[in-house]
Amino acid sequence: MIKNRLLLDALNGDNVSRPPVWMMRQAGRYLPDFMKLKEKYDFFTRCKTPELAAKITLMPIEQIGTDAAILFSDILVVPQAMGVDVEMRKELGPFIPKPIREAKQIEKIVIPDVDDNLNYVFEAIRLSKQMIDNRVPLIGFAGSPWTVLCYMVQGQGSKNFDIAKSFCFSQPEAAHMLLEKITTTTIKYLKSKVKAGVNVIQLFDSWGGLLSEDDYQKFSWHYNQKIIDSLKSKTKIISFSKGCWFALPLMAKSGVDALGIDWTCSARNARYLTGGKVTLQGNLDPSRLMSTPKEIEKLTKKMIAEFGVQKYIVNLGHGILPNVPVDNAKAFVNTVKNYSV
Ligand code: CP3
């Protein structure tokens, strides 16, 4: 039985004494111990060695004291398992040497046997669960099919993913064929993650906000909904679609247990658009962790007052930035842990 049940209670909509807190991308980047491992092992070695991935997964719960752990991995292990090479380059980030640009490439893309190809992820989950020893829940995750397509087609990170969008609008049939394949793989992958022991899953739709409302429905949410329908009887689901405030009414009816909110949408608007029924997660601007600890405390208290203590998970509005001082991350988390109504 998991001892710290705050996250699970908030996801159930049960009453809590204070809201739970964790941070997107909390495992890594800004942590000095992570930087030491980063000097020794390249990115995918860290992901693919269960002992390393589990060690990194535990760092934030031991060093910062968050109410949940999130598995150290990456959304791009899914295209790798589908036979697409993905590298992690030092200054550039993800790099796909042969990006997808034509229908005939998509025909060759395989729906892998995830239990074989991604076994290292499930091993990392089993090991992390052992090491967490029921202190907190473990979150597993996947990218939304749209966000994964963005990288597979663009070939690298981008501000506007122009090549990926042109591909979808000029070759929609091919795009939907690719989105279907990513969706099928992601469903199998997340089911195996749940079997391996994760307690919650989060879908990251980091680039959903690049689409118009109609295109978001067609190219992104349609596939997220399929994933939610296949997983919702098996686990708790958080869906985070950055920049997609316009889709909140639709997402609130989808069967998810919580919706992630970024900092451009106020608590008031988010509660209004979701009808006040769904648990919400977010939404401090990650750059705000560069303010002083005192200022962080003030902003965090204000945020809790605005969202309310119930049906709320304190988080950032996107991933923590690499240059955040550890003491500032602690100030954020400790403010929530000391919060009393
Ligand atoms: O939340 C966690 O702490 C778990 C780990 C995690 C990573 N990536 C580790 C990582 C998670 C949840 C992700 C998700 C992810 N990966 C997303 C969705 C979330 C988001 O931020 O929008 C996306 C778009 C990716 C793709 C990706 N991976 C990018 C764009 C980059 C380079 C830029 C960066 O974030 O530094 C990565 C590399 C990556 N993934 C790093 C880490 C810790 C940094 C590189 C390194 O440590 O060598």
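Take 49 as the starting number for the sequence shown in my numbering and just add one per residue. We treat Cβ as the ideally placed atom computed from N, Cα and C, and that holds for glycine.
- For residue 307, the three-state secondary structure derived from DSSP is strand.
- The DSSP assignment places 135-137 as complete runs of the beta strand (DSSP E) inside the segment 54-137, in order along the chain (cut-off: 3 residues).
- The segment 68-75 makes contact with the segment 361-377; the number of CB pairs closer than 8 Å reaches 3 or more.
- Residue 181 carries a coil assignment under DSSP once its states are collapsed to helix, strand and coil.
- Rounded to the nearest angstrom, the gap between the Cα atoms of residue 191 and residue 115 is 22 Å.
- When rounded, the separation of the alpha-carbon atoms in residue 290 and residue 367 is 11 Å.
- Just measuring C-alpha positions, the residue of 228, 321 and 208 sitting nearest residue 275 is 228.
- If you look at residue 161, you'll find it isn't in any alpha helix (DSSP H); DSSP assigns it neither H nor E.
- Between the alpha carbons of residue 256 and residue 264 lies a distance of about 6 Å.
- Residue pairing for residue 223: DSSP places it in no beta bridge.
- The Cβ atoms of residue 308 and residue 288 lie closer than 8 Å to each other.
- Residue 169 sits in a helix when the DSSP states are folded into three classes.
- Residue 299 has its Cβ no nearer than 7 Å to any heavy atom of the ligand CP3.
- By the Cβ criterion, the segment 104-121 is in contact with the segment 71-85, since at least three pairs of Cβ atoms, one from each stretch, lie closer than 8 Å.
- Looking at the backbone, the Cα of residue 53 and that of residue 243 are separated by about 20 Å.
- Checking the 7 Å criterion, the Cβ of residue 74 is within range of a heavy atom belonging to the ligand CP3.
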